[in-house]
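Enquirer:
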RNA sequence: GGCGGCGUAGCUCAGUGGUUAGAGCACAGGACUCAUAAGCCUGGGGUCAGUGGUUCAAAUCCACUCGCCGCUACCA
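In my numbering, the protein residues as written are 104 to 589.
1. At the level of alpha carbons, what is the spacing between residue 394 and residue 172?
2. Which residue from 372, 550, 200, 113 puts its Cα closest to that of residue 176?
3. Based on the DSSP output, what are the partners of residue 225 in its beta bridges?
4. How is residue 197 classed by DSSP in three states: helix, strand or coil?
5. Are the beta-carbon atoms of residue 149 and residue 194 separated by less than 8 Å?
6. Please confirm if the region 204 to 212 is in contact with the region 317 to 325, defined as three or more CB-CB distances below 8 Å between the two stretches.
7. Which same chain residues end up closer than 6 Å to residue 432 when comparing Cβ atoms and leaving out the 5 residues on each side of it in sequence?
8. Please give me, in chain order, every unbroken run of the beta strand (DSSP E) with length at least 3 that falls completely inside the region 363 to 445.
9. Give the straight-line distance between the Cα atoms of residue 508 and residue 451, rounded to the nearest whole angstrom.
10. With a floor of 4 residues, list each alpha helix (DSSP H) that falls wholly inside the region 320 to 361, ordered by position along the chain.
11. What's the call for residue 572, buried or exposed, on a 16-neighbour Cβ count within 10 Å?
12. Assuming residue 535 contacts residue 473 (C-beta within less than 8 Å), just tell me the rounded distance between them.
13. At what residues does the alpha helix (DSSP H) containing residue 146 begin and finish?
14. Going along the chain, which residues of its own chain have a beta-carbon closer than 8 Å to the beta-carbon of residue 229, five neighbours each way excluded?
15. Would you kindly work out how many angstroms separate the C-alpha atoms of residue 349 and residue 342, rounded to a whole number?
16. In this structure, does DSSP put residue 461 in helix, strand or coil?
17. In terms of residues, what are the limits of the alpha helix (DSSP H) holding residue 527?
18. What do you get for residue 116, buried or exposed, if any count of 16 or more other CB atoms within 10 angstroms of its CB means buried?
19. What three-state label does DSSP hand residue 559 in the structure shown?
20. Pick from 137, 118, 188: whose alpha carbon is nearest that of residue 109?
21. Hey, out of 567, 234, 355, whose CA is closest to residue 143's CA?
22. Given residue 505, which residues of its chain have a CB within under 8 Å of its CB, disregarding the five upstream and five downstream residues?
23. Cα-Cα, which of 227, 359, 133 is closest to residue 189?
24. Is DSSP giving residue 287 helix, strand or coil here?
25. Is the beta carbon of residue 538 sitting closer than 8 Å to the one on residue 438?
26. For residue 111 and residue 470, I'd like the C-alpha separation in whole angstroms.
27. Given a cut-off of 8 Å on the beta-carbon distance, is the pair residue 128 and residue 187 in contact?
28. Counting only the same chain and skipping the five closest in sequence on each side, list residues whose C-beta sits under 7 Å from that of residue 327.
29. What residue from 106, 311, 486 has the CA that sits closest to residue 139's CA?
30. Just to confirm the assignment, what range does the beta strand (DSSP E) spanning residue 106 have?
31. Who are the near neighbours of residue 382 in its chain, counting only those whose CB is closer than 8 Å to its CB and skipping five residues on each side?
32. Output the distance between the C-alpha atoms of residue 479 and residue 559, rounded to the nearest integer angstrom.
33. Using three-state DSSP, classify residue 188 as helix, strand or coil.
34. By alpha-carbon positions, which one of 379, 361, 298 ends up nearest to residue 337?
35. Determine the direct distance from the alpha carbon of residue 531 to that of residue 570, and round the result to whole angstroms.
36. How would you write the range of the alpha helix (DSSP H) that residue 266 sits in, first residue to last?
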């Protein structure tokens, strides 16, 4: 039995949870549940990133303290995790006292890599990031994504010697010590490493941005929010002294979105190297979710909240769609039409109905008694290979091969005819095979659709049918506009 | 501008040199009836972006062209 540590990135609490956050939670949850199923000791951590000028600013607008706003928003993410049935063991907030204290320890441990310098540059609070002179000029001094002027910043900042680690990071990625998936993301980061990383500002003057963790020994500075947020992956384990940290670091997989790959494949590894710690074994980078093939946004009017979908179709259907129908290695698209098609065809008709017809036949022909079921016989190598590289979509394709296979088996064997012929031994054999097959499917489904897997297992528990109340996935009426009557 | 990726059936995609190019969805037809009017079977449908080349053989390798996307740098 070994230890397994998986993390998501921690969402910044300046906005509501959206489909992308939900998908990231779910993907990491599959990895965590699979590892537990394999008997590993697992820590699965999620959380929220809560400091920085943007939060302070927004809180002021709402006449709240930054902490009050962060409390509210953090709770929203926590609720989302609950409604998605996420099995996280930890939920770290960067405003937790433990994180704040440990972040300061990390800072001190990195002190030899940090120096103070005067910084002149352009800053956008919307991005919490600096921009080059050229870029500012190109945009006529206004940040296009936030429609606000860049602030000219001239101040003393602490700098982290990121440049010193460029070659070491490149080597770690090239050698596969830090495996980045998918490969196109790996290539992307390698190409930026070719150009060389520059040192980064990792603090802000306290008088300008008060909402942050104080820099130890420098009362005028607070830590730059990104720098401090990355530390959550080890503070949550109790860096440096806690047994969990010693047992579970380095992480097996860190799940992040493609927009923050540079932080996780550049700055974060450098920080770890500066601390003398191992790098995570794998960085899995997922894509973005569009809605109706367009970027989702409230202004475009195509905003869909995870709650809308869960409310109508349930948690497992939500998980299913985002794991199978959003490509694991690419951007994906959400439309109600494709969601409904996946729900009705695959979950209700193929899987749900396979369970239902098996249950009904067992009741009708054998009074609900199944008896011993044959052990699993399907090869799951492809499923395992897919999961090992976070190809959630393909892993589910493999499961559905078995679901289809089962339906074909039933149609070939025609248990209803066997029943008419009165061949009770053969009938018992066929139905037991169906049940055995469904139980294996339930096993494979457990990391993806935990609730559904549990229901299937409960129905056939101990070789006796305990029918569900209702069906696994009741057929849903389409939300599409019906054709007008002729 | 540099680097990288993509362009295959109406749609989403698999297929990286070797028989008539595949899957799912959608569409059409058929046989059945245990089941959530579900499931199963069969079928139509492709100049594999284009042009040229390498090869006994190219969706697959090379060059160029067109179109789309990502990362990154820059011109005043």
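Every residue gets a Cβ at the ideal spot worked out from N, C-alpha and C, and that includes glycine.
These numbers were taken from a predicted model, which means no experiment stands behind them.
Expert: Well, looking at it:
1. Taking the straight line joining both Cα atoms gives about 28 Å.
2. Taking only the C-alpha atoms, the option nearest residue 176 is 113.
3. BP columns for residue 225 point to 234, 255.
4. Here residue 197 sits in coil by DSSP.
5. Going by C-beta atoms, residue 149 is nearer than 8 Å to residue 194.
6. Under the Cβ criterion (8 Å, minimum of three pairs), the region 204 to 212 counts as touching the region 317 to 325.
7. Closer than 6 Å at the Cβ level, and outside the excluded window around residue 432, lie 285.
8. Listed in chain order, the complete beta strand (DSSP E) runs (minimum 3 residues) inside the region 363 to 445 are 385 to 389, 392 to 394, 435 to 437.
9. The alpha-carbon separation between residue 508 and residue 451 amounts to approximately 16 Å.
10. Within the region 320 to 361, the complete alpha helix (DSSP H) runs of at least 4 residues are 328 to 333, 335 to 338, 346 to 351.
11. When all chains shown are included, residue 572 counts as exposed.
12. Indeed they touch by this definition, with Cβ atoms about 6 Å apart.
13. Looking at the DSSP string, residue 146 is not in any alpha helix (DSSP H); the run it does join, the beta strand (DSSP E), is 144 to 151.
14. So the qualifying residues of the chain are 157, 246, 248, 249, 251.
15. Cα-Cα distance, rounded: 8 Å.
16. In the structure shown, residue 461 sits in a helix (DSSP, three-state: H, G or I).
17. Taken as a continuous stretch (DSSP letters only), the alpha helix (DSSP H) holding residue 527 covers 527 to 548.
18. The residue is buried, with at least 16 neighbouring Cβ atoms inside 10 Å.
19. DSSP places residue 559 within a helical segment (H, G or I) once states are collapsed to three.
20. Among 137, 118, 188, the Cα nearest to that of residue 109 is on 137.
21. The shortest C-alpha to C-alpha distance from residue 143 to any of 567, 234, 355 is the one to 355.
22. Answer for residue 505: 481, 540, 543, 544, 547, listed in chain order.
23. That would be 133, whose Cα lies nearest to the Cα of residue 189.
24. In the structure shown, residue 287 falls within a helical segment according to DSSP collapsed to helix, strand and coil.
25. Their beta carbons are not under 8 Å apart, which means residue 538 does not touch residue 438 by this criterion.
26. Approximately 47 Å, taken between the alpha carbons.
27. It is a contact, given that the beta carbons lie within the stated cut-off.
28. Once the five neighbours on either side are set aside, the close Cβ partners of residue 327 are 304, 305, 306, 307.
29. Minimum Cα distance to residue 139 is reached at 106.
30. Boundaries of the beta strand (DSSP E) around residue 106: 106 to 111.
31. Once the five neighbours on either side are set aside, the close Cβ partners of residue 382 are 275, 280, 281, 353, 372, 375, 376.
32. In this structure, the straight-line span from the alpha carbon of residue 479 to that of residue 559 is close to 15 Å.
33. Look at residue 188 here: in three-state DSSP terms it is coil, with no helix or strand label.
34. Per the Cα distances, 379.
35. Approximately 18 Å between the Cα atoms of the pair.
36. DSSP places residue 266 in no alpha helix (DSSP H); its state is neither H nor E.
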